[in-house]
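> The structure that follows is given in the form of structure tokens.
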């Protein structure tokens, strides 16, 4: 099993996983070598996208391209400190689905998330309004399908590879805020994730920390 994260432009401090046993690889993709690897394999990368957030999203979403040899991956944001054996998470949450996600901790619909991103200055409001108009025209429900993107547990089946590709293509065509394209792609493809029935910010699976730096957008 591979647990991985992506930290670009020194956005987060690499955190040491609590469980380090044979059979688990921890991989950090980064453009700046950390002073301490803390149990992670470090894969150095170069900037290929104009915006670091877009490049980070590509690593987050396209797990099957990054690790084609791995049956199961767990993506975690760089500000999450994993406290448990990730294989236990896979056994519990991938029993009936090939992807597991947390519900969004604050909102219950994609349109509400797009509006919040506009108010908070996360992306150009006109871009976000155009995305909302497109989703409404296609019939996306006002409520539901909004999940957090900080932790993504996946079994690498062909269906999940197709889902990842569809999610990434939607992100490129709409907004690099990953959560609205994620929910839209779940709805459009009919992929049903297992829901991790905890608060993503307060739980016994990992510790959540503020980001080290603030990125624009």
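In the numbering used here, the protein residues as written are -10 to 206. Even glycine gets a Cβ: it sits at the ideal position worked out from N, Cα and C.
1) Could you tell me which residues DSSP puts in a beta bridge with residue 188?
2) Can you list, in chain order, the residues of its chain with a C-beta nearer than 8 Å to that of residue 151? Leave out the 5 residues immediately preceding and following it.
3) Give a yes or no on whether the C-beta atoms belonging to residue 69 and residue 139 are separated by under 8 Å.
4) May I ask you to report which of helix, strand or coil DSSP gives residue 196?
5) Does residue 141 come out as helix, strand or coil in the three-state DSSP assignment?
6) From residue 60 to residue 154, what does the alpha carbon distance come to, in whole angstroms?
7) Identify, in the order they occur along the chain, each residue of the same chain with its Cβ nearer than 7 Å to the Cβ of residue 171, setting aside the five sequence neighbours on each side.
8) Mark residue 146 as exposed unless 16 or more other C-beta atoms lie within 10 angstroms of its C-beta, in which case mark it buried.
9) I think residue -4 touches residue 26, with their Cβ atoms under 8 Å apart; what is that distance to the nearest whole Å?
10) Apart from the five residues just before and just after residue 90, which ones in its own chain have a Cβ nearer than 6 Å to its Cβ?
11) Thinking residue -9 and residue 14 are a contact (beta carbons under 8 Å), I'd like their distance in whole angstroms, please.
12) I need the DSSP call for residue 100, collapsed to helix, strand or coil.
13) Report the three-state DSSP secondary structure of residue 149 (helix, strand or coil).
14) Using the Cα positions of residue 159 and residue 190, report the straight-line distance between them to the nearest angstrom.
15) Less than 8 Å separating the beta-carbons of residue 52 and residue 37?
16) Given this structure, state the Cα-to-Cα distance separating residue 206 from residue 114, to the nearest angstrom.
If we stick to the structure as given:
1) By 1-based counting over the chain shown, the position of residue 188 is 199. 191.
2) Counting from one through the chain shown, the residue named residue 151 turns up at place 162. So the list reads 178, once near-sequence residues are dropped.
3) Taking the first residue of the chain shown as 1, we reach residue 69 at position 80. Taking the first residue of the chain shown as 1, we reach residue 139 at position 150. Against a cut-off of 8 Å, the Cβ pair of residue 139 and residue 69 comes out as a contact.
4) On the chain shown, position 207 is the one that residue 196 refers to. The answer is strand: DSSP assigns residue 196 an E or B state.
5) Within the chain shown, the letter at position 152 stands for residue 141. Strand at residue 141.
6) For the purposes of this step, residue 60 is taken as residue 71 along the chain shown, with counting starting at 1. For the purposes of this step, residue 154 is taken as residue 165 along the chain shown, with counting starting at 1. If you take the alpha carbons of residue 60 and residue 154, they lie about 17 Å apart.
7) If you number the chain shown from 1, residue 171 lands on position 182. So the qualifying residues of the chain are 136, 138 and 156.
8) On the chain shown, residue 146 is found 157 positions in, with the first residue counted as 1. By the 10 Å Cβ count, residue 146 comes out exposed.
9) Counting from 1 along the chain shown, the entry for residue -4 is found at position 7. Counting from 1 along the chain shown, the entry for residue 26 is found at position 37. In fact, because the Cβ distance is near 12 Å, the residues do not count as touching under 8 Å.
10) Residue mapping note: residue 90 aligns to position 101 of the chain shown, counting from 1. Counting only Cβ-Cβ distances below 6 Å, and skipping sequence neighbours, we find 136 and 182.
11) By 1-based counting over the chain shown, the position of residue -9 is 2. By 1-based counting over the chain shown, the position of residue 14 is 25. Yes, residue -9 and residue 14 are in contact; Cβ-Cβ is about 5 Å, under 8 Å.
12) Here residue 100 refers to the residue found at position 111 when the chain shown is read from its first residue. Three-state DSSP puts residue 100 in a helix.
13) Position 160 of the chain shown holds residue 149. Three-state DSSP puts residue 149 in a helix.
14) Mapped onto the chain shown, residue 159 falls at position 170. Mapped onto the chain shown, residue 190 falls at position 201. Cα to Cα, residue 159 sits roughly 27 Å from residue 190.
15) Residue numbering aside, residue 52 sits at position 63 when the chain shown is read from its first letter. Residue numbering aside, residue 37 sits at position 48 when the chain shown is read from its first letter. The answer is no: Cβ separation not under 8 Å.
16) Translated into positions along the chain shown, residue 206 becomes position 217. Translated into positions along the chain shown, residue 114 becomes position 125. Residue confidence is low: residue 206 scores 41 on pLDDT, short of 50, so the model does not pin down where it sits. No coordinate-derived value is stated.
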